[in-house]
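Numbering (my numbering), first residue to last: 3 to 941.
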């Protein structure tokens with residue numbers, strides 16, 4: 003047994019089979035619910051989550067619970083696949099996935115060809131000449147394989163010590179964890195509480211394995227072969243603080259101390275240090291061969307076959323060498339493998355050894371792994387007393403092999419360590435830059451920043467330092483650290499303006515994104531100033547983007563013409579240009595163009611591992627889809643963006659995507675759900691440095707209040723979008739003005755017209771004449787609502803005059819509804835009816851229920867008979883995912899075809915269709931096309 007779970011193996015077993023699980027009833031209950039969810043699968047609504055993350059301090063008993071979960075799963079007829087993280091394998095790409103899949107690897111041959119080839123390549127079974135596998139195919143291959151395994155019987159996947167799992171395996175497991183709906187699969191993952199992998203630290207059910215209470219701790223002490231008494235018992239209970247492993251170890255230590263006359267040494271050190279020293283305290287008493295074997299086991303890191311030690315240069319090495327260590331409770335030898343009881347045992351053994359001994363151990367292990375160049379390279383690196391180019395080169399070669407297999411995270415780690423061992427500082431800096439680029443491809447922006455921060459101290463080469471700063475700035479551009487990101491990027495743009503204009507403009511363009519998110523006028527001024535220093539590059543897309551962020555409403559006609567020219571001359575498959583031009587189109591209110599370009603970029607990025615970039619593109623696409631009325635697609639995109647952002651550590655999107663989802667909930671009438679989602683999005687986040695997110699958050703809350711009919715609350719939320727100065731100004735120079743009309747609508751019903759007029763007057767003075775049709779319509783609607791009733795009509799008509807305003811259907815329908823209400827109240831019902839009917843049609847299509855009800859009421863008051871819209875249609879009962887799958891099935895695609903397109907398993911597709919059919923009142927897919935054609939859809 004491994005890790006914390008081995009506390010049950012210390013000393014003589016008592017008659018109580020569950021001593022090691024005393025006080026863990028709630029944790030066991032949660033695990034049993036997880037198993038029930040796997041058993042239920044797609045046959046019913048799952049009774050609980052399919053993913054559970056156990057957290058807790060070392061020694062809390064997480065491994066014991068993981069082991070028990072496997073035992074119970076087996077007893078209930080589930081299949082169990084296991085993995086355990088290891089510090090020594092943390093740098094080996096997909097080592098954790100290999101552990102999970104090892105019992106079912108023969109089934110890889112039955113996978114679809116691309117998935118099969120990707121997994122073969124990952125596990126080194128493909129030829130050297132094969133291209134790097136598509137990261138998506140790797141993840142889909144594992145998901146499909148597990149799904150197929152689970153068709154025979156439900157499946158439990160357990161992962162212990164997940165904090166030491168390799169990056170590639172974590173990416174795969176997180177991908178799978180988000181796609182278990184309908185699968186007979188459950189995932190139980192355990193990690194130390196301060197080291198939960200970022201992919202699992204927020205979005206899945208967590209259960210903290212906390213300290214035992216005093217009663218349970220006392221019962222555990224009583225179950226030990228040497229029960230401490232009196233002062234020793236009090237001291238053990240106090241120092242262990244409910245940690246089961248500490249209770250067991252300190253009980254044993256107190257027995258040894260009692261034999262020598264006291265327990266005073268127990269309280270000399272803090273708990274963690276004391277435990278680490280305690281784990282190594284038995285070492286001097288062990289035979290020399292055992293100590294050296296223990297050190298080899300600690301250096302190897304993972305469970306290692308006993309046969310491996312026979313290849314090491316140790317005298318008299320055979321299985322008996324482990325008996326003293328087993329008797330001391332440090333290891334177990336079972337099924338021909340050596341298992342160190344707990345990670346702290348490993349670290350204590352390793353740290354207690356001298357560097358000379360550790361070096362000898364790693365060199366011996368390097369010889370054992372002579373036929374495995376990657377493992378050998380890492381052991382040689384651990385044995386290196388200082389820089390060694392040969393070892394650095396070997397690690398660099400390993401990095402290239404990892405890259406070819408799609409293991410960008412492992413490649414980055416190998417190159418980072420290779421840089422540490424490089425004698426030449428120039429080569430060291432170059433390897434760090436390469437490591438940063440691979441970390442970027444792996445989608446880990448914080449890591450990129452850490453690596454590039456080291457380059458600055460290694461080289462004076464201005465180009466290399468600028469490239470490092472650009473990568474470092476990119477790493478922060480997807481977070482909420484806008485100031486820090488610009489601190490990297492703007493100096494690069496300024497210093498390289500004449501020496502390397504393209505690099506300078508790349509930096510300025512990258513910096514424009516955090517400058518936009520920040521909304522600070524100083525940063526906009528810097529964009530203008532530095533932009534003037536860079537020689538003109540009219541065909542560089544970053545030139546347009548940086549100018550639009552600085553002045554989004556200035557010279558719009560010229561900007562639209564430049565955008566059109568750049569789009570017409572767009573290089574094929576130029577992803578950066580697609581993203582930049584898509585963002586530029588969005589800021590110019592060329593929303594259809596933005597959706598098309600960003601959609602193309604998203605489709606390209608789906609095949610790459612750049613989650614940090616992909617999530618920003620997908621969020622931008624979601625915003626464009628929301629504004630253009632494609633709400634179902636916007637919801638799907640925002641959910642995808644959020645999932646990717648949490649995996650990548652992209653805080654800006656991890657906060658922004660839920661805010662958009664909150665706005666969608668509000669628009670559809672779920673005001674309580676909208677407020678809850680908005681609150682969750684910003685919990686523990688200070689938005690003062692991110693004005694764009696602050697404005698969007700206020701708008702989502704304002705929309706929720708409008709949906710509820712709380713006009714006073716809506717006004718207060720929307721009023722925060724503008725300053726409280728004598729001359730109120732937009733909080734964000736671009737985002738705020740688009741909420742003028744909603745502010746005016748809330749003001750009319752809350753009796754706050756005078757304050758709203760002051761906001762409108764000051765803002766329009768800053769804006770001048772709005773250049774875009776959309777913003778002009780917003781301003782006209784706001785003016786109409788806040789004007790004297792007898793003077794409002796021209797402004798209402800102006801807000802609806804241009805047919806192109808219908809490209810923003812929700813805003814357009816709100817203007818139609820307001821004008822229809824105004825006409826009806828002036829006894830002009832015949833004129834009002836067309837506007838109200840058009841608004842109702844749009845609201846019904848969007849499923850904007852509060853406004854549907856309001857438009858229905860107004861039409862009835864205008865003399866039109868309208869059917870009740872209180873019962874949602876079958877189409878609106880479908881989730882966005884179900885609706886998408888239903889449409890694809892109606893087109894004739896098979897479950898496997900749909901699964902490949904949506905990156906799900908065929909079983910999950912079948913699960914969704916099994917829920918779609920009863921909702922639509924049909925019995926099979928042959929009826930889908932007819933019933934879908936008859937139903938109104940949200941998009």
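We put the CB at the ideal spot given by N, CA and C, even for glycine.
Item, Value
"Nearest residue (CA-CA) to residue 656, options 207, 28 and 681", "681"
"Proximity of residue 719 and residue 661 at Cβ, strictly below 8 Å", "no"
"Residue 119 in three-state terms, based on DSSP", "helix"
"8 Å Cβ cutoff met for residue 556 and residue 584", "no"
"Nearest-angstrom beta carbon gap, residue 626 and residue 597 [assumed within contact, 8 Å]", "4 Å"
"Close-in-space but distant-in-sequence residues of the same chain around residue 814 (CB under 6 Å, 5 per side omitted)", "807 and 808"
"8 Å Cβ shell around residue 798 - same chain, five flanking residues per side excluded", "782, 783, 786, 817, 820, 821 and 824"
"Straight-line gap, residue 902 to residue 99 (C-alpha atoms, nearest Å)", "21 Å"
"Cα-Cα separation, residue 214 to residue 74", "22 Å"
"Three-state secondary structure assigned by DSSP to residue 536", "coil"
"Short Cβ contact (8 Å threshold) for residue 600 with residue 619", "yes"
"Beta-carbon proximity of residue 695 to residue 658, cut-off 8 Å", "yes"
"Alpha carbon of residue 455 to alpha carbon of residue 653, nearest angstrom", "20 Å"
"Where the beta strand (DSSP E) through residue 398 begins and ends", "Here residue 398 belongs to no beta strand (DSSP E); instead the alpha helix (DSSP H) covers 391 to 406."
"Three-state secondary structure (DSSP) of residue 522", "coil"
"Opening and closing residue of the beta strand (DSSP E) in which residue 710 lies", "Not the beta strand (DSSP E): residue 710 falls in the alpha helix (DSSP H), residues 693 to 710."
"Secondary structure, beta strand (DSSP E): runs of 3+ residues fully inside the region 143 to 222", "157 to 162, 187 to 194 and 207 to 210"
"Buried/exposed call for residue 475, threshold 16 Cβ in 10 Å", "buried"
"Nearest-angstrom Cα separation, counted from residue 588 out to residue 567", "16 Å"
"Where residue 724 sits in the DSSP three-state scheme", "strand"
"Cβ pair residue 93, residue 168 closer than 8 Å", "yes"
"Reduced DSSP category for residue 687 - H, G, I as helix; E, B as strand; rest coil", "coil"
"Exposed unless 16 or more other CB atoms sit within 10 angstroms - verdict on residue 415", "buried"
"Helix, strand or coil at residue 84 according to DSSP, with G and I counted as helix", "strand"
"Contacts around residue 561, its chain only, beta-carbon distance under 7 Å, and the 5 residues preceding and following it disregarded", "546, 550 and 590"
"As assigned by DSSP and simplified to three states, the class of residue 54", "strand"
"Host beta strand (DSSP E) of residue 336 (start-end)", "333 to 336"
"Every unbroken alpha helix (DSSP H) inside the region 543 to 594 [4 residues or more]", "543 to 552, 558 to 570 and 577 to 589"
"Residues sharing a beta bridge with residue 342, DSSP", "333"
"Residues near residue 637 in its chain [Cβ-Cβ closer than 7 Å; skip 5 each side]", "663, 666 and 882"
"Per DSSP, cross-strand counterpart(s) of residue 732", "724"
"For residue 804, the three-state DSSP class (helix, strand or coil)", "coil"
"C-alpha gap between residue 776 and residue 586, whole angstroms", "16 Å"
"Coil, strand or helix - residue 766 by DSSP", "helix"
"Buried or exposed (CB count within 10 angstroms, at least 16 for buried), residue 768", "exposed"
"Element boundaries [alpha helix (DSSP H), containing residue 442]", "427 to 443"
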